[in-house]
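First residue of the sequence shown? That's 0 in numbering that gives the first Met the number 0, and the numbers climb one at a time after it.
From the three backbone atoms N, C-alpha and C, an ideal C-beta is built for every residue, glycine too.
The structure presented is a predicted model; accordingly, all values stated were derived computationally and were not measured.
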Amino acid sequence: MAHYDCTNCGYSMGIDFGSCENCTPKEYFDLWNKWRSILYDADRAWEEHISAERNLFIAEFKEKNGIDAIQERMRKIEEDARK
Numbered sequence: 000m001a002h003y004d005c006t007n008c009g010y011s012m013g014i015d016f017g018s019c020e021n022c023t024p025k026e027y028f029d030l031w032n033k034w035r036s037i038l039y040d041a042d043r044a045w046e047e048h049i050s051a052e053r054n055l056f057i058a059e060f061k062e063k064n065g066i067d068a069i070q071e072r073m074r075k076i077e078e079d080a081r082k
């Protein structure tokens with residue numbers, strides 16, 4: 000494993016400001032975690048929103064194109080074939 004010293008303060012294994020626990024204030028790490036959490040929540044909210052919109056679009060498309068009648072006819076044909 001490679002050994003790195005912070006380029007900001009020289010602390011062993013610190014790498015640089017923002018990843019060095021010696022020279023980076025705890026508040027910075029707390030804000031970084033909150034920032035990442037907000038981005039994650041925004042992404043999840045978007046996925047839920049677009050999923051709901053997609054499902055509505057698909058349902059409307061199926062209805063507009065008569066899928067219920069097609070499925071009912073397919074069921075009837077299958078019933079008749081199994082008799």
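In the DSSP secondary-structure assignment, D4 is bridged to S11. N21 and D15 do not touch by the CB rule: their CB atoms are close to 11 Å apart, not below 8 Å.
W31 is the residue among W31, A44 and R35 whose C-alpha sits nearest the C-alpha of G17. By the neighbour-count criterion, in which 16 or more other beta carbons inside 10 Å mark a residue as buried, G65 falls on the exposed side. Put simply, the backbone Cα of R72 is about 34 Å away from that of H48. For F16, there is no enclosing alpha helix (DSSP H), as DSSP marks it with neither H nor E.
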